[in-house]
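Working notes, structure below.
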Amino acid sequence: MVTSITSLGRSGLSDWLLQRVSACVMTLYVFFILGYLTLNPNLQFAQWQALNSSLPMRMFSLMAILSLAAHSWIGMWCVFTDYVTVRLIGPKATLVRIFFQLGMIAVTLLYTIWAIDILWGI
Amino acid sequence: MLTVSIYRYNPEVDEEPYMQDFEVDTHGKDVMVLDVLEKLKIEDPTLVYRRSCREGVCGSDGMNISGKNGLACITPLSKAVKKNKLIIRPLPGLPVIRDLVIDMSQFYAQYEKIQPYMINNTAAPAIERLQSQEERAKLDGLYECILCACCSTACPSFWWNPDKFIGPSGLLQAYRFLADSRDTATEERLAKLDDPFSVFRCHGIMNCVQVCPKGLNPTRAIGHIRNMLIRSAT
Ligand code: SF4
Ligand code: SF4
Ligand code: FES
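Residue numbers (numbering that gives the first Met the number 0), protein chains in the order written: chain A, 0 to 121; chain B, 0 to 233.
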């Protein structure tokens, strides 16, 4: 058992599952938006706004945003723990990695809150 | 004449590793890479590598042959020589002790972690613990591993985290005991694997499958472990 306190779910399995589920949600979302845009070639602002301010669409967008946040957290965490390590860049790696990881977590949370704010402001 | 380029490094003499070229006359025969090394060793006794069985069962002569990890004793020149050149390096990712000999401690430490022995504290039967043919068949493709480390040292996830990621070889063995009907520690074994590194650092790159000289499939075993974890944790 290797402990890790900066990964999203702490458990490898839950991170793994989240990574898959969030990927599916984002794919669905992208296909839905692309589909909607192709099916409505003469889309006007009012219709677009009506769509995005409806509760189901807001929920769907929120799920997509949370998925993006979780997906990037897990992904970036993997990248940092692969490459920003004592093995690869020397003893200062631990500090640098903690800095990157906390920075990444902060940025992810900020963007998520900001995105929710935008969503509910439509 | 065949050009053989070999990674040389003797930390007591050399400041850094270098590639040394040799010319070898194989008389047009498709011999094994190990035969070429043996021939060279007579010429230059300072050349160091491991080997024992010379028939693909001991797992000691894993090395990087023209860019691909494999056992020198069962890799014929016809599979390894490109443009009349044979390039031999130590297995990548682990510290080099000298020439083609690497320090495998980290590899063995990971193997030790998965408890590679039967755990069963129930009273032993008079003769032996029996298995049905189906139960025994589950161990095929697992027990044949000779711990040559060709797979783990071809795995980028193992290169970056050899102290945390168990690696394809260790995980194949982990599954060998998880799948054994005589072993009773399945849950305890699984509990030790559910962190973000031990198993889940595998990103399915499948380098391990590509190089295993015994034709084993660690990626599939890792998938089975993952499924077992999902089954027990959800
Ligand atoms: S499939 Fe997994 S264990 Fe095999 S080489 Fe790829 S990352 Fe490593
Ligand atoms: S799985 Fe194959 S490549 Fe890996 S250690 Fe075992 S025999 Fe060698
Ligand atoms: S010498 Fe034993 S496997 Fe090659």
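Beta carbons: idealized from backbone N, C-alpha and C, even for Gly.
Proximity test, residue i beta-carbon vs ligand 2 heavy atom, cut-off 7 Å
| i | result |
| --- | --- |
| isoleucine 145 of chain B | yes |
| valine 210 of chain B | yes |
| serine 53 of chain A | no |
| proline 44 of chain B | no |
| lysine 78 of chain B | no |
| serine 231 of chain B | no |
| proline 167 of chain B | yes |
| alanine 148 of chain B | yes |
| proline 16 of chain B | no |
| lysine 82 of chain B | no |
| lysine 213 of chain B | yes |
| leucine 177 of chain B | no |
| proline 94 of chain B | no |
| leucine 12 of chain A | no |
| proline 217 of chain B | yes |
| leucine 171 of chain B | yes |
Rounded straight-line distance, which links the Cα of residue j to that of residue i
| i | j | result |
| --- | --- | --- |
| leucine 12 of chain A | valine 20 of chain A | 12 Å |
| serine 231 of chain B | lysine 81 of chain B | 48 Å |
| phenylalanine 157 of chain B | isoleucine 104 of chain A | 26 Å |
| glycine 169 of chain B | proline 89 of chain B | 20 Å |
| isoleucine 221 of chain B | leucine 177 of chain B | 11 Å |
| alanine 190 of chain B | leucine 54 of chain A | 41 Å |
| leucine 228 of chain B | proline 195 of chain B | 13 Å |
| leucine 94 of chain A | lysine 112 of chain B | 28 Å |
| threonine 80 of chain A | isoleucine 101 of chain B | 24 Å |
| serine 65 of chain B | phenylalanine 199 of chain B | 30 Å |
| leucine 192 of chain B | lysine 137 of chain B | 20 Å |
| tyrosine 82 of chain A | lysine 163 of chain B | 14 Å |
| lysine 213 of chain B | proline 91 of chain B | 19 Å |
| methionine 103 of chain B | phenylalanine 31 of chain A | 51 Å |
| glycine 34 of chain A | threonine 2 of chain A | 43 Å |
| lysine 84 of chain B | lysine 67 of chain B | 14 Å |
| threonine 74 of chain B | serine 10 of chain A | 41 Å |
| cysteine 144 of chain B | leucine 215 of chain B | 7 Å |
| proline 217 of chain B | valine 208 of chain B | 6 Å |
| glutamate 133 of chain B | glycine 203 of chain B | 28 Å |
| leucine 146 of chain B | tyrosine 110 of chain B | 9 Å |
| asparagine 206 of chain B | threonine 152 of chain B | 9 Å |
Contact belief for residue i with residue j at Cβ below 8 Å, rounded distance in angstroms
| i | j | result |
| --- | --- | --- |
| lysine 40 of chain B | leucine 33 of chain B | That pair is no contact at about 10 Å. |
| threonine 183 of chain B | asparagine 226 of chain B | With 8 Å as the limit, threonine 183 of chain B and asparagine 226 of chain B do not qualify as a contact, their Cβ atoms being about 20 Å apart. |
| alanine 71 of chain B | leucine 93 of chain B | Not quite, the Cβ-Cβ distance comes to about 17 Å (not below 8 Å), so this is no contact. |
| leucine 76 of chain B | aspartate 29 of chain B | 5 Å |
| isoleucine 115 of chain A | isoleucine 64 of chain A | 7 Å |
| leucine 50 of chain A | methionine 58 of chain A | So it is not a contact: roughly 13 Å between Cβ atoms. |
| arginine 97 of chain B | asparagine 9 of chain B | 5 Å |
| alanine 69 of chain A | leucine 17 of chain A | 5 Å |
| cysteine 149 of chain B | glycine 166 of chain B | About 11 Å separates the two Cβ atoms, so there is no contact after all. |
| glutamine 172 of chain B | proline 115 of chain B | 5 Å |
| valine 249 of chain B | isoleucine 87 of chain B | With chain B represented from 0 up to 233, any question about residue 249 of chain B goes unanswered, as that position is not in the structure. |
beta-carbon residue i near ligand 3 non-hydrogen atom, thresh 7 Å
| i | result |
| --- | --- |
| valine 56 of chain B | yes |
| cysteine 72 of chain B | yes |
| arginine 53 of chain B | yes |
| serine 151 of chain B | no |
| arginine 97 of chain B | no |
| aspartate 34 of chain B | no |
| arginine 50 of chain B | yes |
| serine 59 of chain B | yes |
Closer than 7 Å at the beta carbon, the chain B residues around residue i
| i | result |
| --- | --- |
| aspartate 14 of chain A | Pro195 and Phe199 |
| aspartate 116 of chain A | Near aspartate 116 of chain A there are no residues of chain B at all, since even the closest Cβ is about 31 Å away, more than 7 Å. |
Contacts that residue i makes with chain A (C-beta to C-beta distance below 7 Å)
| i | result |
| --- | --- |
| alanine 232 of chain B | Leu12 |
| leucine 228 of chain B | Leu12 |
| lysine 191 of chain B | Met0 |
Residue i: contacting residues in chain A (beta-carbon distance under 8 Å)
| i | result |
| --- | --- |
| leucine 90 of chain B | Result: empty, since nearest Cβ-Cβ is about 17 Å, beyond 8 Å. |
Under 8 Å by beta carbon: chain B residues contacting residue i
| i | result |
| --- | --- |
| threonine 84 of chain A | Trp159 and Asn160 |
| serine 127 of chain A | Not covered by the structure: residue 127 of chain A. The range shown for chain A is 0 to 121. |
Within chain B, the residues that residue i reaches when beta carbons sit closer than 9 Å
| i | result |
| --- | --- |
| serine 3 of chain A | Lys163, Asp194, Pro195 and Phe196 |
Chain-ordered neighbours of residue i on chain A, where CB pairs are closer than 9 Å
| i | result |
| --- | --- |
| leucine 215 of chain B | The contacting residues do not exist; leucine 215 of chain B stays about 23 Å from chain A at best. |
heavy atom of ligand 1 below 7 Å from residue i C-beta
| i | result |
| --- | --- |
| asparagine 63 of chain B | no |
| phenylalanine 106 of chain B | no |
| histidine 26 of chain B | no |
| asparagine 41 of chain A | no |
Proximity test, Cβ basis, 8 Å: residue i and chain E
| i | result |
| --- | --- |
| isoleucine 88 of chain A | Looking at the structure shown, chain E is missing, and the protein chains on hand are A and B. |
Beta strand (DSSP E) runs contained entirely in the segment 69–109 of chain B, provided each spans 3 or more residues | 84–88 and 95–97
Curious, which full-length alpha helix (DSSP H) runs of at least 4 residues does the segment 145–211 of chain B contain?
Listed in chain order, the complete alpha helix (DSSP H) runs (minimum 4 residues) inside the segment 145–211 of chain B are 155–159, 166–177, 185–190 and 206–210.
Entirely enclosed alpha helix (DSSP H) segments - the segment 60–117 of chain A, minimum 4 residues:
85–88
At which residue ranges does the segment 23–49 of chain B contain complete alpha helix (DSSP H) runs of 4 or more residues, listed in the order of the chain? 32–42
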